[in-house]
Every structure is written in C-alpha cells, then in structure tokens.
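Okay, so the sequence shown: first residue is 1 according to UniProt numbering, each after it adds one.
The C-beta atom is built at its ideal place from N, Cα and C for all residues, glycine as well.
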Amino acid sequence: MGREVVERAESDMESWGAPGAVAAEEEFPLLSLNHVSYSCRSVKESMRFYQDVLGFVLIKRPSSFSFEGAWLFNHGIGIHLIESDNLPPKKDAINPKDCHISFQCSNMDVLMQRLGEMNIEYVTAVVKDGGITVDQVFFHDPDGHMIEICNCQNIPILPLSSSCPVRLPKTIEFASPLSHLGNESLENHSAREATAQMMENLFKNMMTIFI
Numbered sequence: 001m002g003r004e005v006v007e008r009a010e011s012d013m014e015s016w017g018a019p020g021a022v023a024a025e026e027e028f029p030l031l032s033l034n035h036v037s038y039s040c041r042s043v044k045e046s047m048r049f050y051q052d053v054l055g056f057v058l059i060k061r062p063s064s065f066s067f068e069g070a071w072l073f074n075h076g077i078g079i080h081l082i083e084s085d086n087l088p089p090k091k092d093a094i095n096p097k098d099c100h101i102s103f104q105c106s107n108m109d110v111l112m113q114r115l116g117e118m119n120i121e122y123v124t125a126v127v128k129d130g131g132i133t134v135d136q137v138f139f140h141d142p143d144g145h146m147i148e149i150c151n152c153q154n155i156p157i158l159p160l161s162s163s164c165p166v167r168l169p170k171t172i173e174f175a176s177p178l179s180h181l182g183n184e185s186l187e188n189h190s191a192r193e194a195t196a197q198m199m200e201n202l203f204k205n206m207m208t209i210f211i
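What follows is the structure in structure tokens.
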C-alpha cells in the first residue's frame, strides 16, 4: 500500500512539470521550521523536562502574552509551552505511530543511557532500507506528547522528482551578526559558510544526475 502511494505521488509530480514547481517555490518563501507549540499542565514541569532531558535553553518570551507560558530553543528549533487546564488524559502506552516531533542524534547509545539514568520509559524501533539502518527511540514528555530521537541522517534526502528542488537548512542569522561567533573568527565563519554552500550545490547536482 505504501509503495502504491509513492508511485501515485511520483506520477502526479511528473504531470505538474517544472514551471509549477518554480512558481510554488516563489509563492512560498519559507525558510525553516521555527518552533513547535505544546499545551501543558505545568509550564514549570515541562520546562524542566525539555531543559534537563533534551538540552533546551529558556529564552525571552514576548511580554504582550496574557497567558502562562515559556519559550525554549536549541538544536535549531524552538519549543513553545502554553499552560492549560483543559488537556486530554495522558497516554500510557508509547505508540511510535502517534504524532510526534523527531530529533536527529549522533550517538543513540549515549541517549538511551541518559534516558535510563533519568528513569524515562521509552521504546525502540529499527528502520531498514537498501542496506541503511536507522535506529529510533520514542518516549513521552510530562503531558504525553510523543518525542522521537533517531539517526535519520543515515538516510539520504532524495526528492521523488527533479522538478521539486529541496532547500537544505540555512545557518541561523541573529540580530547581531558577529556577536554569536564567540571565539570563532570572521574568516573561519565565512569559510564554514562557503563550505556549507558548496555542499548544497553538490547535493543539487547529484539530484540532477540520479533522478
């Protein structure tokens, strides 16, 4: 069934043609995923979870909000918490098919050891495709929101059609362009940016060859 859906999608994209893809890209000037917003019973408890378990950092939240909440950020994405008394009962069973947010991880063994030390229940799964293996770990936050940690970077991003280009993540630019560099020199930062751009161009060229 899954393969049939993919084949239909490939056929549909071929019928769209390149002009439509270009128009869509111009019409939607999206940059990246900014944040995920979660309702929670206790902002304080959820803040502690995302800070201690996932390494998020509390950041300034606009003062105009009239409801209890908190903003956290790390790993290129924000987590916005909104306190609510009207939440459904917390799910007990961990089901990998439930809606979830997923983070890539460079060392799954260290992750699982950390979860075990913090007495956080989790389930594991393995995805295999063409000799590539992806390890997955699923667990809940204090309100039952599903979180996945995986090494999905093992799977190359291969668009089903060359007429639908993929935008790779860009380096985040802050309000003060040089203040976030820390001890890194401007020359090293520029070299790193140039390398990233070169890799993106290489990726696009590979897509043209293989698709």
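Pull up the CB-CB distance for residue i and residue j, whole angstroms please, since I reckon it's below 8 Å.
i: D143; j: Y38; result: 7 Å
i: I120; j: V53; result: 7 Å
Buried or exposed, going by whether 16 or more other CB atoms sit within 10 Å of the CB of residue i?
i: E68; result: exposed
i: E25; result: With a pLDDT of 49 at E25, under the threshold of 50, the modelled position of that residue is not reliable, and no figure is offered here.
i: H145; result: buried
i: C99; result: exposed
i: M118; result: exposed
i: V126; result: exposed
i: A70; result: buried
i: F28; result: exposed
i: H35; result: exposed
i: E148; result: buried
i: H180; result: Confidence at H180 is low in this model, with a pLDDT of 43, below 50, so the placement of that residue should be treated as unreliable; the coordinate-derived value is given next. With fewer than 16 Cβ atoms within 10 Å of its Cβ, H180 is classed as exposed.
i: L186; result: Because L186 carries a pLDDT of 49, less than 50, the predicted location of this residue cannot be relied on, and no value is offered for it.
i: A93; result: exposed
Please state whether the Cβ-Cβ distance between residue i and residue j is less than 7 Å.
i: V43; j: L81; result: yes
i: I79; j: L72; result: yes
i: T124; j: V137; result: yes
i: F65; j: D141; result: no
i: C40; j: S32; result: no
i: I155; j: I132; result: yes
Could you check which residue in the options has the C-alpha nearest to that of residue i?
i: C105; options: P96, F138, C152, K128; result: C152
i: I101; options: K90, Q113, N154, F139; result: F139
i: N95; options: Y122, F103, G55, G130; result: Y122
i: G76; options: G55, S163, T133; result: G55
i: M112; options: S162, Q51, P89, C150; result: C150
i: Q51; options: S163, L160, N74; result: N74
Is there at least one Cβ from chain C nearer than 7 Å to residue i's Cβ?
i: L115; result: The structure shown contains no chain C; it holds only a single protein chain.
Requested in this report: Output the residue ranges of the beta strand (DSSP E) runs that lie fully inside the UniProt domain "VOC" (32–152) and measure 3 residues or longer, sorted by chain position.
Outcome: 35–40, 57–59, 69–74, 77–83, 100–104, 123–129, 132–140, 146–150
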